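Using the numbering used here, read the sequence shown as starting at 46 and increasing by one per residue. Report on one structure; see the data block that follows.
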Amino acid sequence: MAQQWQQDLHAPDGALGTIKTTSFAVGDLNHDGFLDVYASHYPRADAEDELWLNRGNGNHFIGITLQGLQSNTNGVGAKIILYRADGSRQVREVRAGESYGITNAYTQLFGLGTSAAIARIEVQWPSGQVSRLTQPTADQFLTITESLCSISTCIPLRVTAIK
């Protein structure tokens, strides 16, 4: 059964005894714009895997999934830069894994806080292509597909909203 995140996630030192977390995954399992966490433990047989579902709040977000055409299918190695209306920016890199036993979802979530204003999103693909999306709407999931360009032709950026 999934547990709900609490305000204070800190456990007192030694509260988990000898449980060691051996694998860990982060992603938005319930598609609500807030990151959820899955952990697998070892060596105790009675240490059940744990799933924490983030209850979220009223803050805004945008989720970006990449579809590579020239680059790899999942956009691994791509850099996504979100430029806020206030001039600040957030950067995510799409990775195939983080460390031994640790992986995250390919969909990149950007927390926007109380302001839903996004100036633009830029994707720097491993192929060298750059995709730009101006003033996307917050609180949605988008799939950005890499352009297919050559010297004579270029298929424009395609963005698909996912509800």
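No residue lacks a Cβ here, since even glycine has one placed at the ideal position from N, Cα and C. Because the structure is a prediction, the values reported are computed rather than measured.
For residue i, the first and last residue of its enclosing beta strand (DSSP E)
| i | result |
| --- | --- |
| residue 18 | Limits of the chain in this structure are 46 at one end and 208 at the other, which puts residue 18 out of reach. |
| residue 79 | First-last for residue 79: undefined, no H or E at that position. |
| residue 114 | Run containing residue 114: none; DSSP gives neither H nor E here. |
| residue 185 | 185-190 |
| residue 176 | 175-179 |
| residue 96 | 95-98 |
| residue 143 | From DSSP, residue 143 is part of no beta strand (DSSP E); its letter is neither H nor E. |
Residue from the options with nearest C-alpha to residue i
| i | options | result |
| --- | --- | --- |
| residue 79 | 98, 66, 65 | 98 |
| residue 120 | 190, 206, 92, 207 | 190 |
| residue 182 | 165, 66, 151, 139 | 165 |
| residue 172 | 66, 128, 127, 118 | 118 |
Residue i - DSSP class collapsed to helix/strand/coil
| i | result |
| --- | --- |
| residue 159 | coil |
| residue 206 | strand |
| residue 69 | strand |
| residue 127 | strand |
| residue 152 | coil |
Own chain partners of residue i with C-beta closer than 8 Å, once the 5 adjacent residues on each side are dropped
| i | result |
| --- | --- |
| residue 101 | 77, 78, 79 |
| residue 184 | 78, 105, 106, 107, 161 |
| residue 130 | 160, 162, 163, 164 |
| residue 158 | 104, 105 |
Same chain, Cβ closer than 6 Å to residue i, neighbours up to 5 away in sequence not counted
| i | result |
| --- | --- |
| residue 137 | 125, 153 |
| residue 68 | 85, 146 |
| residue 170 | 116, 123, 191 |
Pairwise C-alpha distance: residue j and residue i
| i | j | result |
| --- | --- | --- |
| residue 180 | residue 115 | 25 Å |
| residue 135 | residue 75 | 23 Å |
| residue 155 | residue 92 | 32 Å |
| residue 205 | residue 163 | 17 Å |
| residue 95 | residue 140 | 23 Å |
| residue 110 | residue 132 | 23 Å |
| residue 187 | residue 143 | 23 Å |
| residue 168 | residue 113 | 11 Å |
| residue 87 | residue 176 | 43 Å |
Residues near residue i in its chain [Cβ-Cβ closer than 7 Å; skip 5 each side]
| i | result |
| --- | --- |
| residue 70 | 83, 148, 149 |
| residue 174 | 115, 191, 192, 194 |
Residue i: CB within 7 Å of a non-hydrogen atom of the ligand SAH
| i | result |
| --- | --- |
| residue 130 | This structure simply doesn't include the ligand SAH, nor any ligand for that matter. |
Beta carbon proximity, residue i to chain C, threshold 8 Å
| i | result |
| --- | --- |
| residue 130 | Checking the listed chains, one finds no chain C in this structure; it contains a single protein chain. |
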